[in-house]
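According to full-length UniProt numbering, the stretch in the sequence shown is residues 1 to 321, in order.
Beta carbons: idealized from backbone N, C-alpha and C, even for Gly.
For reference, the structure is listed below as structure tokens.
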Amino acid sequence: MRMQPARVLRFLGVRFVSSAVVLLGVLVVVFAIVQLVPGDPVRLALGTRYTPEAYEALRAASGLDRPLPEQFVGYVGGALTGDLGVSFRNGEPVTTTLLSRLPATISLALAGLAIALVIAVPAGIWSALREGRVSDAIVRTASQFGVSIPDFWLGMLLISLFSVTLGLLPASGYTAITDDPAEWARRVALPALTVGLVAGAIMTRYIRAAVLDVASAGFVRTAVSKGLPRRVVTFRHIVRNALVPVLTIAGIQLATILGGVIVVEVVFAWPGLGRLVYDAVAARDYPLIQGAVLLIAVMFLLVNLLVDVLYAVIDPRIRVS
């Protein structure tokens, strides 16, 4: 069943409006939390360079000398035009700083998600189709171990094995994929493997549950009773219909990786958004924290919007309304 263009446009319009409402809520919450944090960010930013004149000048330049309602209106207005203020630490525009770190995080997230899918899709399907057998128990145990293991510990373990002991891969550093794809692959391998193994373990459990749920559905029993080959029943009826929940968890994992690989980026000295947020929090660089959280929220909304659109593409029974 093909979706009508008008209904698709209406669906996208509704999703954009709801995303804008969520984004406004994020702006309010982030602004309020930053205001409630104890301490004077201007005094902290100046450090040993503090003088009364420099203090007042920086407060005026950052807008912190204005009333809170006026600060919020100015912040929202600036965010809508791409002006997120100036970083306290380096004096550069926040938007420029965030955009300079975005390619590193996106490349790491996509590489990690690819590894997770390569692990989780076959393992989850294999485990579900052999429910109760030894192979199923092995996959479930391995996925439980992967879910339980802290990513910083896994990262340090991989560094110890592949960098220190074997000397095969670098433990830190970043090269843009556009500059040298081979060097980028060498440097992204360990952090992506760290992210991918943990995310793959989580996704394996969801995929196994999704396949088991579809395998017990009535239309699958009907297909079996008709004498269809097992291969056809598995891939045409079970796996295809299990793709929707798989897409859901893949989207959630991608959004999580984009905004939550702080520890991994710190361990591997990866110059992405996660490490930027870590440094900004340590320095109480409020404009940078606000901008980073806002950018991460936007990426979450875009990924969720993409997943919603793909739902209807994969499964025509899902109507846009």
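Taking a 10 Å sphere around the C-beta of glutamate 265, we find 16 or more other C-beta atoms and assign the residue as buried. Considering only Gly82, Ser216 and Gly196, the residue with the shortest C-alpha distance to leucine 110 is Gly196.
Separation of glycine 47 and leucine 68 (C-alpha to C-alpha, rounded to the nearest whole angstrom) is 24 Å. Ranked by Cα distance from leucine 247, the first of Ala269, Ile149, Leu117 and Ser62 is Leu117.
Closest in C-alpha terms to serine 148, from the list Ile202, Ala297 and Ser135, comes Ile202. Sixteen is the threshold: since fewer than 16 other Cβ atoms of the shown chains lie within 10 Å of the Cβ of serine 216, the residue is exposed.
Between threonine 204 and glycine 124, the gap from beta carbon to beta carbon is short of 8 Å. Around the beta carbon of threonine 234, 16 or more other beta carbons lie within 10 angstroms, which makes this residue buried. Non-local beta-carbon contacts of serine 163 in its own chain, meaning distances under 8 Å to residues more than five positions away in sequence, involve Leu169, Pro170, Ala171 and Leu190 in chain order. Linking alanine 250 to leucine 113 through their CA atoms gives a straight-line distance of about 8 Å.
Within the segment 216–260, the runs of alpha helix (DSSP H) that reach at least 4 residues and sit entirely inside it are, in chain order, 218–225 and 243–260.
One Cα belongs to leucine 295, the other to glycine 218, and the distance between them is close to 44 Å. Glutamine 253 has its alpha-carbon roughly 20 Å from the corresponding atom of leucine 23. Here arginine 284 is buried, its C-beta having at least 16 other C-beta atoms within 10 Å.
In summary, arginine 101 is buried, with 16 or more beta-carbon neighbours lying within 10 Å of its beta-carbon over all protein chains present. When the beta-carbon positions are compared, alanine 104 and tyrosine 55 stay at least 8 Å from each other.
Taking 8 Å as the cut-off, the Cβ atoms of aspartate 151 and valine 224 do not count as close. Residue pairing by DSSP puts proline 93 in a beta bridge opposite Val86. Here DSSP, grouped into helix, strand and coil, assigns aspartate 213 to helix.
Non-local beta-carbon contacts of leucine 301 in its own chain, meaning distances under 7 Å to residues more than five positions away in sequence, involve Ser19, Val22 and Leu23 in chain order. Residue state for arginine 140 is assigned as helix, using DSSP reduced to three classes. Under the three-state reduction of DSSP output, alanine 269 falls in the coil class, being neither helix nor strand. Assigned with DSSP and collapsed to three states, aspartate 285 falls in coil, not helix or strand. Distance between phenylalanine 88 and leucine 288, taken at the CA atoms: about 8 Å.
For alanine 176, the secondary structure class from DSSP, reduced to helix, strand or coil, is coil.
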